[in-house]
Each structure stands twice: as structure tokens, then as C-alpha cells.
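Some notes on the structure that comes next.
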Amino acid sequence: MLANDPQRAIREAAEAAEPRLVALRRDIHRVPELAFQETRTAGIVAAELARLGLEPRTGIGRTGVVAEIRGARPGPTLAIRADMDALPIHEETGIAFASTIEGQMHACGHDIHTATLLGVAAVLKALAPQIAGTARLVFQPAEEILEGAAAMIADGAADGVDLALGFHNHPDMPVGSFGFVRGACLAASDRFDLTVRGRSGHAAHPYAAVDPIVAAAHFIAQAQTVVSREIKPLHPAVVTVGMVQGGTTYNIIPERVHLKGTVRTLHADARDTAEAALKRLADGLQASLRVACEMRYERKVPPLVNDARVLEPVIAAVAAQTGIAPEEGEPSMGSEDFAEFAARAPAFQLRIGSGAPGREDRLHNAFYQPDERCIGLGVQALSRAALELLS
1 MLANDPQRAI
11 REAAEAAEPR
21 LVALRRDIHR
31 VPELAFQETR
41 TAGIVAAELA
51 RLGLEPRTGI
61 GRTGVVAEIR
71 GARPGPTLAI
81 RADMDALPIH
91 EETGIAFAST
101 IEGQMHACGH
111 DIHTATLLGV
121 AAVLKALAPQ
131 IAGTARLVFQ
141 PAEEILEGAA
151 AMIADGAADG
161 VDLALGFHNH
171 PDMPVGSFGF
181 VRGACLAASD
191 RFDLTVRGRS
201 GHAAHPYAAV
211 DPIVAAAHFI
221 AQAQTVVSRE
231 IKPLHPAVVT
241 VGMVQGGTTY
251 NIIPERVHLK
261 GTVRTLHADA
271 RDTAEAALKR
281 LADGLQASLR
291 VACEMRYERK
301 VPPLVNDARV
311 LEPVIAAVAA
321 QTGIAPEEGE
331 PSMGSEDFAE
341 FAARAPAFQL
351 RIGSGAPGRE
361 DRLHNAFYQP
371 DERCIGLGVQ
381 ALSRAALELL
391 S
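Residue numbers (the working numbering): 1 to 391.
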């Protein structure tokens with residue numbers, strides 16, 4: 001624990017910064033930028049960090065920003081990460097600061113995350129004399145396509161990192177609440193593209209053709225048995241085909257059908273089993289239904305595993321700072337590329353409630369409206385957590 005309890009200093013600093021942070025969040029929200037296009041957002045971040053007296057480095061992982069706050073004493077390096085990219089969703093909220101870009105929206109709250117980490121930067125800069133070690137602020141692009149973390153790590157963002165702290169707003173939790181999951185909290189995300197090639201022909205004479213639609217249908221049905229019959233029941237897994245594309249009209253058997261799908265798992269053996277099974281099922285179509293199959297299977301990110309060495313001091317720090325004990329929750333089969341940082345150093349992702357009273361918002365929704373009070377509360381929680389980890 002810190003020798004001098006910084007609760008009041010953090011609370012007052014966060015409350016003083018909150019109006020500016022809300023304004024920054026709304027500015028970013030008005031002009032959402034997709035993966036690896038976050039140039040304006042990165043510029044806002046860099047300018048704000050420079051205003052605080054920091055020396056931001058831009059262009060990390062293409063459009064990412066990194067800055068460091070060095071403490072008065074030696075100690076570990078803690079990476080604190082926020083994502084910045086938006087989604088290809090048309091906003092339907094009708095709020096005064098709604099997206100001005102057609103078909104693009106901050107529907108996952110990365111504008112909230114960016115503003116929150118800027119607030120943490122302000123607090124930690126003021127309290128740097130109490131820090132033992134270095135707080136590395138990582139503003140990451142392209143989380144939504146699960147490529148930004150790897151890009152930043154390739155440019156050195158994780159070099160020398162001893163601990164990592166992430167966070168995400170949760171509109172399914174009321175504002176003022178916090179949450180955590182022990183162990184694996186988010187799933188590995190893999191994807192597959194399958195092309196089924198047959199022989200086109202007249203729909204009235206299927207014997208003279210080889211129908212890839214029938215073969216694709218068999219694959220889709222059989223893929224559901226991977227989870228139910230090949231993976232241990234206590235190892236959660238999801239196999240979903242999200243796109244089927246083939247054919248042009250009623251009376252033509254097409255030449256080919258394209259499928260796209262995702263696989264989510266929390267355990268390494270389930271991940272291996274699912275990949276092998278889907279490839280085997282595709283191979284089997286070639287012999288049984290005379291089609292040719294080409295599968296491309298890509299592993300994107302590993303499961304996000306919360307390490308007790310970071311989790312325990314953080315949840316204690318959040319409770320001490322806010323008076324709110326974080327509640328333990330269940331893992332999600334969603335994915336998050338903060339897992340790339342967690343694979344390289346002990347890490348923890350904090351859940352921050354952002355649900356507004358009277359609303360039932362969900363992420364990735366065109367009407368999503370988080371309660372902006374989660375920004376200041378997040379600043380308090382994360383700043384205190386950083387001080388505890390760097391004390």
C-alpha cells in the first residue's frame with residue numbers, strides 16, 4: 001500500500017478534469033475513425049498529452065500513440081491501454097454530438113476509453129513523485145479488427161513491459177459499478193474462409209452439375225457438431241458461420257459458394273480441436289459430394305487471461321478509491337486484442353459499468369449511449385490501480 005493515501009487527491013483531480021474529458025470524448029465521437037484510419041483521433045490524443053507536459057510518440061502501429069510517465073523511484077513498467085477505433089455502423093441515437101460520418105460510429109465506446117486514459121495521464125502526471133517505475137500510456141488503433149495490438153507490439157509498445165492493465169466500458173452494468181473475471185475472461189478469436197467449388201449447370205438437371213450449395217449446407221450443419229460432439233462440455237466454444245454467398249438466380253446451380261465463419265474458445269485444446277475438425281469436415285465434402293474445397297483458417301488473438309498478480313491489487317485499489325467493490329462476473333465469448341499484451345506480461349482487464357439509468361444498451365448497437373459519468377469514475381479507478389501497482 002502507499003504510505004500516503006491518495007484517495008482525495010485522485011478524486012479531486014479526476015473531478016476537475018471530467019468536464020474537459022467529456023468534451024474530448026464528444027469531439028472524438030463526432031468524427032469516428034475506423035481501424036488504422038484514426039489520424040484525427042491520434043492527433044487529439046498527442047496534443048492533449050503534450051499539453052500535460054508529456055512527450056507522445058505517434059505512428060506506433062501505424063496510427064497508435066505512446067507516452068510515458070516516469071516516477072521518482074525505480075520500479076516496473078506498467079502499460080495501460082485504451083483503444084481508439086470506431087465501427088462501420090450508422091448512428092441512430094439522434095444526440096447533439098452524434099457521428100458526422102455516414103456509416104461510422106463509436107458504438108463500442110472506444111471514445112470513452114480514449115478520454116478515460118487521457119484523464120489517467122493527467123492524474124498520474126501530477127502524482128509522478130509517488131510512482132516507483134514507469135506508466136506507459138498506450139492508445140491503440142484497430143482493436144475492432146483485432147490487429148492494432150499486434151501492430152503496436154511490432155513497433156515496440158510492449159518492449160520492457162512488466163505489467164499490463166486494460167479496461168472496457170460495460171453498458172450491461174450500471175454506471176458506478178466495476179467488475180472482473182478470474183482467469184480467462186475473453187475468448188480466442190479465429191476465423192475461416194471456405195470456398196466450395198462445384199460445377200455449374202441448369203437447376204432442372206442437377207445430375208449434370210455438382211451442387212456447391214448442397215455441399216455448403218452439409219458443412220454448415222456438420223460444423224455445429226464440433227462443439228456438441230468433439231469439445232469437452234466444460235470447455236466453452238462457439239462455431240458460427242456468419243456469411244454464405246453463392247448463386248445468382250432461381251434456376252442456375254452456381255460454380256462456387258463462399259463461407260466465412262468465426263471460432264471462439266477459452267481453452268487451448270478446444271481451439272486445436274475446433275480447427276482440426278473444421279478442416280476435416282471440409283476435406284470430407286470432397287469425397288462425399290464431389291466438390292473441391294479450399295479453406296483458409298486464421299488464428300487471430302489468444303484468450304485474454306487475467307493474471308492474479310495484477311487482478312488482486314487492482315480490485316483492492318478500485319474498492320479503496322471508489323468505495324465500490326468490483327463484482328466477479330462470468331467470461332465472455334467475445335474477443336479483445338489486449339490479449340496480445342496479456343500474452344507477454346501479467347495483465348488484467350477491468351470492467352467499468354457504463355449503463356445509463358432507464359436504458360438497456362448493448363455494445364455494437366446503433367442506439368448505444370453510455371453514461372458519461374463512467375469516464376471520471378474510470379479515471380479514479382485506473383489511476384489508483386496504477387499507483388498501487390507502481391508503489
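No residue lacks a Cβ here, since even glycine has one placed at the ideal position from N, Cα and C.
Distance between residue j and residue i (C-alpha atoms, nearest Å)
i	j	result
T39	A142	12 Å
K125	A46	15 Å
E393	A149	The shown model of the chain, from 1 to 391, leaves out residue 393, and the question about it has no answer.
G166	Y297	28 Å
G119	K232	44 Å
I375	Q130	23 Å
A188	A270	10 Å
M84	Q286	44 Å
A158	F341	7 Å
L278	Q224	10 Å
A121	E15	14 Å
M243	E336	21 Å
S332	E91	25 Å
G156	E147	15 Å
D111	S288	50 Å
I253	R191	27 Å
E12	L21	14 Å
A115	P56	16 Å
A386	R299	32 Å
T93	H168	21 Å
A203	E372	57 Å
L34	H205	47 Å
R73	A128	9 Å
E330	N251	49 Å
I315	G61	30 Å
G323	F36	38 Å
T63	R26	20 Å
I220	L266	22 Å
Y368	A184	27 Å
P236	S228	10 Å
A3	E388	Low confidence applies here, because A3 scores a pLDDT of 49, under 50, leaving its location unreliable and the question unanswered by this model.
R51	P19	16 Å
E360	P370	10 Å
D172	G378	16 Å
Beta-carbon separation (whole angstroms), residue i vs residue j, contact threshold 8 Å
i	j	result
R290	V214	Contact flag wrong, Cβ pair sits at about 10 Å.
L54	L390	Going by Cβ atoms, the distance from L54 to L390 rounds to 16 Å, so no, they are not a contact pair.
L259	L194	4 Å
S200	E144	So it is not a contact: roughly 36 Å between Cβ atoms.
L163	P6	Wrong, their Cβ atoms sit about 19 Å apart, outside the cutoff.
I101	P32	6 Å
R384	A292	Rounded, the Cβ-Cβ distance is 59 Å, inconsistent with contact.
V175	G353	5 Å
V65	A96	That belief does not hold up - the Cβ atoms of V65 and A96 are roughly 27 Å apart, past 8 Å.
Check whether residue i and residue j have beta carbons under 8 Å apart
i	j	result
V161	R344	yes
A208	G246	no
A82	H106	no
R351	F178	yes
G59	G133	no
A423	A317	Coverage of the chain is limited to positions 1 through 391, which leaves residue 423 absent and any answer about it impossible.
A339	V301	yes
F348	D307	yes
E48	A135	no
V238	R264	yes
V305	A274	no
H29	S99	yes
L186	P303	yes
V257	P212	yes
L117	L87	no
I44	Q380	no
I89	A366	yes
L281	Q222	yes
Three-state secondary structure (DSSP) of residue i
i	result
M152	helix
V120	helix
L49	helix
T93	coil
L194	strand
T240	strand
K232	coil
R59	The amino acid occupying residue 59 in the given sequence is Gly; Arg does not appear at that position. DSSP places G59 in strand when its eight states are reduced to three.
A204	coil
T39	helix
E388	helix
H106	coil
T114	helix
A215	helix
L281	helix
E340	helix
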